[in-house]
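**Q** Pasting in a structure now, in structure tokens, and then I'll have a few things to ask.
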Amino acid sequence: MHFRQGMHRQNTGQAILKVADTAEEAEKFIGKKVTWTSPGKNKVQIVGKISALHGRNGNVRSIFSEKGLPGQALGQKIKVE
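All residue numbers for the sequence shown refer to the numbering used here, where the first residue is 7 and numbers rise by one.
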């Protein structure tokens with residue numbers, strides 16, 4: 007969905023993801039691994055982990071430990087394992 011952000015800066019290492027319709031369904035995803043694969047011929051994979059709920063509408067917070075997600079990842083599908 008979008009990067010986690012404050013008043014003055016974005017944190018590209020953390021992203022808010024929509025995984026379910028309710029918070030109870032989204033709780034099952036906490037602790038799972040998420041992977042974003044870049045488009046193109048190189049297919050770079052950036053791996054993260056779902057850390058917590060974000061609100062009550064089925065959104066979760068994910069932390070990407072490497073260098074964060076690029077802007078082109080916003081709005082794309084991310085694989086949850």
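Even for Gly, the Cβ is constructed at its ideal location relative to N, Cα and C.
Just so we're clear, the structure is a prediction, and the values are computed from it rather than from any experiment.
Count the other CB atoms within 10 Å of the CB of L80; is the residue buried (16 or more) or exposed (fewer)?
**A** L80 is exposed by the Cβ-count criterion.
**Q** My output table needs one value for G12: the three-state DSSP class, helix, strand or coil.
**A** It is coil, neither helix nor strand.
**Q** Let me check one thing: in DSSP terms, what residues is S68 bridge-paired to?
**A** Answer by DSSP bridge pairing, in chain order: A21 and I56.
**Q** If I'm right that F9 touches V86 with Cβ under 8 Å, what's the distance once you round it to whole angstroms?
**A** Not a contact, Cβ separation roughly 18 Å.
**Q** If we ignore side chains and look at the alpha-carbon of each, how far apart do T43 and K83 end up?
**A** In a straight line, the C-alpha of T43 is about 9 Å away from that of K83.
**Q** Do L59 and A32 come within 8 Å of each other at the CB atom, strictly closer than that value?
**A** Going by C-beta atoms, A32 is nearer than 8 Å to L59.
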